[in-house]
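Numbering (the UniProt record's numbering), first residue to last: 1 to 255. Ideal Cβ placement from N, Cα and C applies to all residues, glycine included. Below: one structure, written as structure tokens.
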Amino acid sequence: MVHFVGAGPGAPDLITVRGKKLLEQADVIIYAGSLVNPALLEDCKEGCQIYNSAVMTLEQVIDVMKQANDRGEDVVRLHTGDPSLYGAIREQMDALDALDIAYDDCPGVSSFSGAAAALNMEYTLPDVSQSVIITRMAGRTPVPERESIASFAAHQATMVVFLSTGLLEKLSEELIAGGYTEDTPAAIVYKASWPEEKAFRCTVGTLAQTAKEHGITKTALMIIGNAVTQGNYRRSDLYHPAFSTEYRKAEKGES
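In structure tokens:
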């Protein structure tokens, strides 16, 4: 069996209980070495074979999985964050399907959740933003034209931008072209939940300047939108005394 496991945003204790158990039981681990915290590998069982996929091709990864499967061994494919976001898991699963090798998927805590925790922020504030757009800039890997940063910016929702730390000047340009102003609140979170975590609030117009001032060149997320400042929101109806729910009646005299 091959288990695709989300490692979480970085801190070893933010992997799921299920993911940790799968790691401890694995005969072979293939981990994303450029992103996964190596501290997660400290509890591997004796004799476990460990491969760093940062120096491997897809074909080499699948070959390791096939050889392990032929030996009757369990494999953990350890991806950063949650494997469903920028994890390139579908191509691996398709290759395993072609080889008739069984697999499953263990979700993880995404770094976009870790970034919010680093800022003590809520993405979805009433009357501020009720939607989160997760996207990335077009670089060496393109994005569909209909999913450009500028087109998403027109919605004025909260936006979380992955894999774009080296393109911040262009990111600001596209955000402004799409409708955000230079003064729109923004934040940069570097290595959310790692010991070296850094989080900086800034604006759309100062994203590149902020990253340069603090030496951030990779492994960071950008958060865009008024939710970053956590101001001017309406309290939730769910916990309002005048709001009835299936579990609680509205209090008399409240409006």
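Asked	Found
Could you pull out every unbroken beta strand (DSSP E) segment of at least 3 residues lying fully inside the stretch 102-139, listed in chain order?	103-106, 132-136
List the endpoints of the continuous beta strand (DSSP E) containing Lys-198.	198-203
Identify whether Asn-37 lies in helix, strand or coil by the three-state DSSP scheme.	coil
Along the chain, which unbroken stretches of the beta strand (DSSP E) at least 3 residues long are found entirely within the stretch 18-64?	28-31, 49-52
Of the choices Val-128, Pro-126, Gly-81, whose alpha-carbon is the least far from that of Asp-105?	Gly-81
Return the residue from the list Glu-59, Ala-7, Pro-9, Val-28 that minimises the CA-CA distance to Met-1.	Val-28
Have a look at Arg-136, Gln-209, Gln-92, Val-189 and flag the residue whose alpha-carbon is nearest the alpha-carbon of Gln-60.	Gln-92
With a CB to CB cut of under 7 angstroms and the five nearest residues on each side skipped, what residues in its chain are close to Pro-12?	Asn-37, Ala-39, Leu-40
Name the one or two DSSP bridge partners that Ile-176 has.	DSSP lists no partner for Ile-176.
Where does the unbroken beta strand (DSSP E) through Leu-221 begin, and where does it stop?	220-224
Can you tell me where the alpha helix (DSSP H) with Met-93 in it begins and where it stops?	89-98
Taking Leu-207 as part of the alpha helix (DSSP H), name the residues at either end of that continuous run.	207-213
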